[in-house]
Amino acid sequence: MQNNNKKLYKIFFILSIPLLFCDFCQFVMAADDSVDVNQSVYFEEAPGGGAMLPVDATPPEIFDVKIYDITSAGAKISWQTDEVCLVEVYYGEDASVLSGPLTDHPESYLNFHNFRLTGLEPGTKYYLKLKSKNQKGAEKTLTGYSFTTVPEFIAPANIGDLRIEQVGESISISWQNPQSKDFSGVQINKKINSPAINPAEGEIVFSGLAENFTDRDIEDKTKYYYTVFSYDQNGNFSSGVIGSFFVDFKTGGTDVGGGNEGDKDGGMPDTPENPENVPGDVEDIEIVPDSGNEKIIIKWKNPESEDALQIEIRRDSNFPPPTPYEGELIYSGSGDSFEDFFVEENQIYYYSIFTKNSEGVYSSGKMIASSLEGEVKIDFDEEWKRIGVFDTESGISLLLSGDIVKTFPARSVGVSYEIDILPEEVKMVAAEMDGSLYLLDYEEESKSYKTSFVAPQEIGIFSVAVVFVNFQDKIIYRKEIKIEVVGFGRIYENQWKNFSEDGFNSDVLGCYFRKIFRGNAYGCTRKVVIEGAEIEIFRENSLIEWELWNADLFGQQNPSFSSTDGNFGFIIENGNYKIVVKKDGFADRILIVDIVDNLIKNDIEIVRQKYGFYAIMTVIILLILFAIKLKKRSSKKKDI
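Count along the sequence shown from 1, then add 52; that gives the number in my numbering.
Okay, here's the thing in structure tokens:
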């Protein structure tokens, strides 16, 4: 027996030698190339330093000024200088009375400068003054920059997915309630021929928490408007959502949504069609102010090979007319120049030049502006991008990339339109979406109109247009953006296929052999979502250090945990972040991401902790030796 024990110990010793050279022998499955990582991913590196630039006594140049990550209580400002500088920021609600200075690194001369303003008031316009001073003491000051913080959405979000249909001789209305915590119910106001634009107008036909209502008190050949308001416990109402329906007991009626253009009964116009045969715009526009003769001269080059082309010029003193039906028509013809004599000093005039073909189809138009004192250089793309889009639950301004913003399904989205001067003929401002009109409330403090609604639950791109409607129920101004609803991120693992889950077949059998002999896992794994994984977010600060992201400021939790579907997601300010994923029985996963669309929505794979062949054999041998030792003790007791 003793000889046998010595042999077993020798075998155990020989098998244990490789463990000294095995770094715990973990088997790690290779990541699948199909992992969906939507942001840029890279390895964490130590920050590098740049060379000092030569300086002189001339003032430094300031460029690439950016104002971003705007919330209801703060904003970020960054800019660059052509030489290393100390910098200061001054800010305030009055351009002539500014607070400050703020400094980013008081004793550090840098080329890149960034600040985080905090403690600001919601829905408030702030003015900025930026100052840079180089090592020779030369200073440069920059003014003229401003921004408006996210408006405060006190009332709950509007309902979503409003649908109206006729069922027999009644009207069925359904909708999706918002998920905001302060939501208490909805109120439906009904009117004939025109919509209720506040909760006191029209007849209140429903109030409660349901998501559907049937109106049986209707008459044939009548157009009904329904405005749905959501409200909270304090009696605050949302701006309201308008839908309408024309009742016809014989044909089943017509859901006209926001209304039809040309309705004599007060309907709202539909989205204009976009025909394919749109003519080209004029080119090489030149505007020449002539103050001596009190006129503004406009010259252009007509597009070539256009049949029976006609040029029309529209003018306005407040806005560039966005369509050929707005503003004052001051020229119609086939020429290539026009002289505007009806102008005054110290007044800016906005001109839109449209071309029209023989079928009456207009081009998109070219916009210019001028006064008698000189041409006014205006970026008209920016002029019409005064729409702000916000995640109302977090108070974060969503980045408008082109004309698209992104959000998660069923999130509460706010829209505002900042405007200083509004034409007197405007009756209401609304947002068109999916056949419904979302009314916008005017906020005096921020000089902007605002509304909020629940994003659709379906993944996809949805159009939202801000429209200005006059007292003849015609749209006089319109600006369209798109909201892309995207899926959440997922925490998952790649599991080997097996007979119980995938059936008994040659492919699964081959995968078994590959697993035993550590072959390629390609084609032999499936993605399985992980519930309850902890996701912790760290943000890179101005000192290029990782700090825990304070989710409480934005109505979220950090860390959070993956759902039963493995889903997780954060609405977040743009910047560099570190994602740490933890789960019992799995190795920690660390991912560094550069967020550019306000969403953390990565699909992240985590790997189980698996011990290698030698570790398993060691455990088996120890169990055998332990059993032999017990048997030996048992034999000695019997001998006694």
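Where a beta carbon is used, it is the ideal one built from N, C-alpha and C, also for glycine. It should be emphasised that the depicted structure is a prediction, and the values quoted were computed from it without experimental measurement.
Report task. Put E553 into one of helix, strand or coil per three-state DSSP. Result -> Three-state result, E553: helix.
Requested in this report: Consult DSSP for K479 and reduce its assignment to one of helix, strand or coil.
Outcome: In the displayed model, K479 falls within a strand according to three-state DSSP.
Query raised in the report: By Cβ distance below 7 Å, which residues in the same chain neighbour I122 in space, the five residues on each side in sequence not counted?
Result: Same-chain partners within the cutoff: F199, T201, V202, S449.
Query raised in the report: Nearest to G175 by alpha carbon, out of V141, I225, E145?
Result: For G175, the closest C-alpha among the options V141, I225, E145 is that of E145.
Query - Bounding residues of the beta strand (DSSP E) (the contiguous stretch that carries Y564) - result: Per DSSP, Y564 belongs to no beta strand (DSSP E); it is in the alpha helix (DSSP H), 558-568.
Query raised in the report: Which same chain residues, not among the five before or five after T110, have their C-beta less than 7 Å away from its C-beta?
Result: Answer for T110: A190, listed in chain order.
Query - Validate contact between the segment 179-196 and the segment 208-222 using beta carbons, cut 8 Å, 3 pairs - result: No, the segment 179-196 is not in contact with the segment 208-222.
Query raised in the report: Does the pairing of the segment 626-637 with the segment 553-567 give three or more beta-carbon distances under 8 Å?
Result: By the Cβ rule, the segment 626-637 does not count as touching the segment 553-567, because fewer than three pairs are nearer than 8 Å.
Query raised in the report: Is the segment 161-176 close to the segment 230-242, with three or more CB pairs under 8 Å?
Result: No, the segment 161-176 does not touch the segment 230-242.
Query - Cβ separation of L162 and E140, assumed to be a contact under 8 Å, to the nearest whole Å - result: Not confirmed; about 13 Å, so no contact.
Query raised in the report: Would the beta-carbon of I225 fall within 7 Å of that of I216?
Result: It is a contact, given that the beta carbons lie within the stated cut-off.
Query - Same chain only: Cβ atoms within 8 Å of Y544, ignoring 5 sequence neighbours per side - result: K579, V580, V581, I582, G618, D655, I656, E657, I658, listed in sequence order.
Query raised in the report: Opposite M485 in the DSSP bridges: which residues?
Result: Beta bridge pairing from DSSP links M485 with S488.
Requested in this report: Confirm, please, whether the CB-CB distance from V633 to I587 is below 7 Å.
Outcome: Against a cut-off of 7 Å, the Cβ pair of V633 and I587 comes out as a contact.
Report task. May I ask you to report which of helix, strand or coil DSSP gives I673? Result -> In the structure shown, I673 sits in a helix (DSSP, three-state: H, G or I).
Query raised in the report: For D604, which three-state DSSP category applies?
Result: It is helical.
Report task. Measure the Cβ-Cβ separation of I652 and F606 and say whether it is below 7 Å. Result -> At least 7 Å separates the beta-carbon of I652 from that of F606.
Query raised in the report: Any chance the CB of E217 is under 6 Å from a heavy atom of the ligand HEM?
Result: The ligand HEM is not part of this structure, which contains no ligands at all.
Report task. Specify the secondary structure class of L682 as computed by DSSP and reduced to three states. Result -> L682 carries a helical assignment under DSSP once its states are collapsed to helix, strand and coil.
Query raised in the report: If you draw a straight line from the C-alpha of T616 to the C-alpha of K458, how long is it?
Result: Going by the C-alpha atoms only, they are around 24 Å apart.
Query raised in the report: Is F258 near I270, with beta carbons less than 7 Å apart?
Result: Going by C-beta atoms, F258 is not nearer than 7 Å to I270.
Query raised in the report: For the 8 Å Cβ check, are there 3 or more pairs between the segment 360-379 and the segment 402-413?
Result: In short, these stretches touch, since the Cβ pair count reaches three.
Query raised in the report: Counting Cβ pairs closer than 8 Å, one from the segment 342-353 and one from the segment 389-403, do we hit at least three?
Result: Per the Cβ contact rule, the segment 342-353 is in contact with the segment 389-403 (3 or more Cβ pairs under 8 Å).
Report task. Report the residue from V537, A517, R542, E536 whose alpha carbon sits nearest the alpha carbon of R530. Result -> If we check each option's Cα against that of R530, A517 comes out closest.
Query raised in the report: Quick one: what does DSSP say R641 is sitting in, helix, strand or coil?
Result: Strand.
Query - Residue ranges of each beta strand (DSSP E) within the segment 336-387, 3 or longer - result: Counting only runs that start and end inside the segment 336-387, the beta strand (DSSP E) elements of at least 3 residues fall at 347-353, 362-368, 380-385.
Report task. Give me the Cα-Cα distance between K684 and V671, rounded to the nearest whole angstrom. Result -> K684 and V671 have their C-alpha atoms roughly 20 Å apart.
Query raised in the report: If you scan the segment 154-202 from start to end, which runs of the beta strand (DSSP E) of 3 or more residues do you find wholly inside it?
Result: Unbroken beta strand (DSSP E) stretches of 3 residues or longer found wholly inside the segment 154-202: 162-169, 177-186, 191-200, given in chain order.
Query raised in the report: Alpha carbon to alpha carbon, what distance is there between D486 and A248?
Result: A248 and D486: Cα-Cα distance of roughly 19 Å.
Query raised in the report: Can you tell me the Cα-Cα spacing of I350 and Y377, whole angstroms?
Result: Counting only the Cα atoms, Y377 lies some 20 Å from I350.
Query raised in the report: Do the segment 413-420 and the segment 490-502 make contact, defined as three or more Cβ pairs closer than 8 Å?
Result: No, they do not touch.
Query raised in the report: Can you tell me where the beta strand (DSSP E) with A127 in it begins and where it stops?
Result: It spans 127-146 - the beta strand (DSSP E) in which A127 sits, taken as one unbroken run.
Query - Where N329 falls, given that 16 or more other Cβ within 10 Å makes a residue buried - result: Counting Cβ neighbours within 10 Å, N329 comes out exposed, since fewer than 16 surround it.
**Report entry** Proximity below 7 Å, CB of Y469 to CB of Y501
**Finding:** Yes; because the gap between Cβ atoms is below 7 Å, this pair is in contact.
Query raised in the report: Along the chain, where does the beta strand (DSSP E) that runs through Y544 open and close?
Result: Run containing Y544: 541-548, per the beta strand (DSSP E) assignment.
Query raised in the report: Can you tell which of K353, G387, G260, N602 has its C-alpha closest to the C-alpha of F281?
Result: Here the closest residue by C-alpha is G260.
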